[in-house]
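Chains as they are written, first to last, in this note's numbering: chain A, 495 to 753; chain B, 7 to 427.
Everything below concerns the one structure shown next.
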Amino acid sequence: MLNILIAVVVYECLVALAFILCWRLVRDVDTRLPILTTDGHDMRHRSGTLAAGSQVPDRPGALWQVLALLLGAVALGGVALSLSGTLADLSNALSAADTVAPDGRIDPTLLKLALPVGQLAILLALFPRFRNAVQFPAIIVHLFLIVFCLLVTLLDPVRIETGKPTLAPIFATNLVLLVLTHGLLTLLFCRNWRELVGSVLLAALAGGILALGSMAIALISSLLGGPLFFFQLYLVSAFGIFGLYFCVTGILLALWDRN
Amino acid sequence: MTAAAIVFLVAWNVTTTFLALLVLLRQVAVTLLFHFGRRGAESRPVPDAELPRVTVIVPAHNEERVIRGCLDCLTRMDYPADRYEIIVIDDRSRDGTGAIADDFAARHPCVRVIHRPQDAAPGKPAALLDAINSSTSEVLVFFDADYLPPPHIIRRLVAPFADPLVGATMGRVVPYNANANMLTKLLDLERRGGYVVDQEVRHRMSLLPQFGGTTGAVRRSALEAVGGWNTVSLAEDTDLTYRLFIAGMKVAYVADAECYEESPETWQVRYRQVKRWAIGHNDCLGRYFLATLGATRQPLMARLDAALVLLVYTVPSLVLLNLVIALAMPAQLGETWASLSIMTMSLTLFTGIGNFAPFYQIAAGCVSDGQRRAFSAVPFLFVSSFTSLLACNVGVLQLLKDKLLGITTQWDKTQRFRSSS
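Below is the structure:
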């Protein structure tokens, strides 16, 4: 059980690090549109030509779009499915190597509560420090959700015991949404062969992210039950899969532009 | 939990999930139409002889930091001087706003200042009504005091009035302080999705673009035909948009009429702004939802789309409530197929489609602007969406409380950040 907890914590820390890296990289990217003003009272104004408005670059042909969609979907689905198999073996090995909880040296309930209570502690620590920061409302909402989950669990403590949720629909839903997300973004961003190769590589990365995120969800499901599991499922899906995918996209776009 | 309570919760969750899904899927459909649909035609310039008489109205309550820039731009407008007038409403200001406006009026004959006394009715809509009543022009154009209108904008905003059915027009709002911090970067992204894609498609498909109350123009006769300016609503612009629509008129979106605004630079200011919009918008939802669906002078698709747009500020409340119900459901029902389905639907709504629909729209907006790098900030949209989530929920609760107690909700002015030097 301790191994599983450590694996989940490592995954969530990696996600947090990816967000921090992306934040630091993206905050320096100039995203202003050129605006039509000759002189302003604010030095932040930038003179230049009028923004392009609704003029959209020419779309590539239908065949190109179908090819880009198919290649992305195959790369994403292929990597997600094949890596999921490998990671399932790893996850089984992690569980089998677990020696802490069975011999009773650490109370299993403490281990189960470590993740949500740890997150609660982090949110409480961030609460006063981030009062004026732009992230504050996100902290409030997550604080509310985790306190709510802990309260519901407290009222019905049996539910902390591991249930048997079916993970296949969760994986399938995330896979379909990720293929759709990546596919439609590819149609928008992908205009030439170089970008198509980049898009397929990104799709493969997205497949890897989905496989890793799904393994984290599977590990959490063997650790937590009830609302605490579903809160973790929400966190991993929103930030650990989709958030991570967009972070990778954001980092690539920011770096591409700089080069 | 009793069986009846469980049935109620499940029914509530399924219904609200369906409504929220409709709104989000609409957003995806609109982006697909933008990407794959035909381009809109360029607007036709109007010859000088055909330009109508225009009054530009600038409401200003304690705006000394920004109003000079706005009036500088307005007094350099490319529009025939004999058909152009600016009315500045010094709305109970306690700072130097009135003096700055008076200085402009002394130097420019086209500028007129209305000083509202301290005991005048508070709020922007009431101030605007004073200006509307004191002007005689057929077309009224509105700008907030922090806006920097470029010289061509009024010509472009009045061009669609050649169509007698057009009651109002709306330009594109572009934040000029997008680089100030991460919040302004994100608000810039939201604006791109909303204007470049959503408003554009609504205009192109003959649906209902939103008249946004600033960077917009209204035909006086149309305003009078639908009962005049609503000074009670906190979203008087949405209120007017829907009254025009129900009366069979159109709102035109003019993509090349761009104007530059200051985005809120702190989450507290953004929170209050969204809360005010949520109160006003949801108030309009209650008043016009059924009337919009029954507006037989408009095409069916336009009615359905306009009704869905009215739900935009309700969706965050539905989504948060659904998430809470979903998190509690397994504890109440156990991990049954029903509770798991509800939980999966709600989570998917929140994490998948909830994120994807606006992200996709924003991506299309960035590509259209020829600025793909701007999309790199999109992973952090959760930061602004949680501010909106919180503000919308508090706004809905305050609206319900005010309605129950019969209280008139007070206007909350948006704080400015530009240095006045």
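Glycine residues also receive a C-beta, built at the ideal position from the N, C-alpha and C atoms.
Note that the coordinates shown come from a computational prediction; the quantities given were computed from them, not determined experimentally.
Chain B has no Cβ within less than 7 Å of the Cβ of residue 608 of chain A. In the three-state DSSP reduction, residue 122 of chain B falls in the strand class (E or B). In this structure the region 237-256 of chain B touches the region 287-301 of chain B; the number of beta carbon pairs closer than 8 Å is three or more.
Residue contact check for residue 554 of chain A against chain B: no CB pair falls below 7 Å. About 17 Å separates the beta carbon of residue 144 of chain B from that of residue 53 of chain B, a gap too long to meet the 8 Å contact definition.
Between residue 665 of chain A and residue 708 of chain A, the gap from beta carbon to beta carbon is short of 7 Å.
The alpha-carbon of residue 168 of chain B is positioned some 19 Å away from that of residue 211 of chain B.
Only those residues of the region 344-370 of chain B whose C-beta falls short of 8 Å from the nearest C-beta of chain A are listed: 346, 349, 350, 353, 354, 356, 357, 358, 359, 361, 362, 365, 366, 369, 370. Closest in C-alpha terms to residue 351 of chain B, from the list A/572, A/526, A/509, A/663, comes A/663.
Look at residue 675 of chain A: its C-beta is under 7 Å from a C-beta on chain B. Neighbours of residue 521 of chain A in chain B, taken as residues whose beta carbon is under 7 Å from its own, are 188 in chain order. Close to chain B, meaning a Cβ-Cβ distance shorter than 7 Å, is no residue of the region 698-710 of chain A at all. Against chain A, the beta carbon of residue 272 of chain B has neighbours under 9 Å at 626, 628, listed in chain order. For residue 651 of chain A, there are no C-beta contacts with chain B under 7 Å, since the nearest C-beta of that chain is about 10 Å from it.
Within the DSSP bridge table, the entry for residue 267 of chain B names B/181 as partners.
Pairing residue 104 of chain B with residue 96 of chain B, the inter-Cα distance amounts to about 5 Å. Scanning A/630, A/644, A/732, A/519 for the CA closest to the CA of residue 711 of chain A turns up A/732. In the three-state reduction of the DSSP assignment, residue 663 of chain A falls in the helix class. Put simply, the CB of residue 66 of chain B is far from chain A, with every gap to its CB atoms at 7 Å or more. For residue 741 of chain A, the CB contacts under 7 Å within the same chain, skipping 5 residues up- and downstream, are 512, 513, 516 in chain order. Here the C-alpha atom of residue 676 of chain A lies approximately 7 Å from the C-alpha atom of residue 566 of chain A.
The three-state reading of DSSP puts residue 153 of chain B in coil, since its state is none of H, G, I, E or B.
Residues of chain B whose Cβ lies closer than 8 Å to the Cβ of residue 691 of chain A do not exist, since the nearest Cβ in that chain is about 17 Å away. For residue 602 of chain A and residue 495 of chain A, the gap between their C-alpha atoms comes out near 8 Å. Excluding five sequence positions before and after residue 370 of chain B, the CB atoms of its chain that fall closer than 8 Å to its own CB belong to 37, 40, 41, 199, 202, 203, given in chain order. DSSP, read as helix, strand or coil, puts residue 300 of chain B in coil. Nearest neighbour of residue 22 of chain B by Cα position, chosen from B/407, B/321, B/389, turns out to be B/321. CA-CA distance, residue 304 of chain B to residue 311 of chain B, rounds to 11 Å.
For residue 573 of chain A, same chain residues with a beta-carbon under 6 Å away, outside a window of 5 residues either side, are 698, 701, 702 in chain order.
Cβ neighbours of residue 121 of chain B within its own chain (closer than 8 Å, five residues either side excluded): 96, 104.
The contact set of residue 725 of chain A on chain B, defined by CB atoms closer than 8 Å, consists of 333 in chain order.
For residue 630 of chain A, the CB contacts under 6 Å within the same chain, skipping 5 residues up- and downstream, are 624 in chain order.
Scanning its chain for C-beta atoms nearer than 7 Å, with the 5 sequence neighbours on each side dropped, one finds around residue 33 of chain B the residues 363, 364, 367, in chain order. For residue 527 of chain A, the neighbours in chain B by C-beta distance under 7 Å run, in chain order, 180, 375, 377. For the options B/400, B/268, B/123, the alpha carbon positioned closest to that of residue 186 of chain B is the one of B/268. Annotation: residue 404 of chain B to residue 285 of chain B spans about 7 Å, alpha carbon to alpha carbon.
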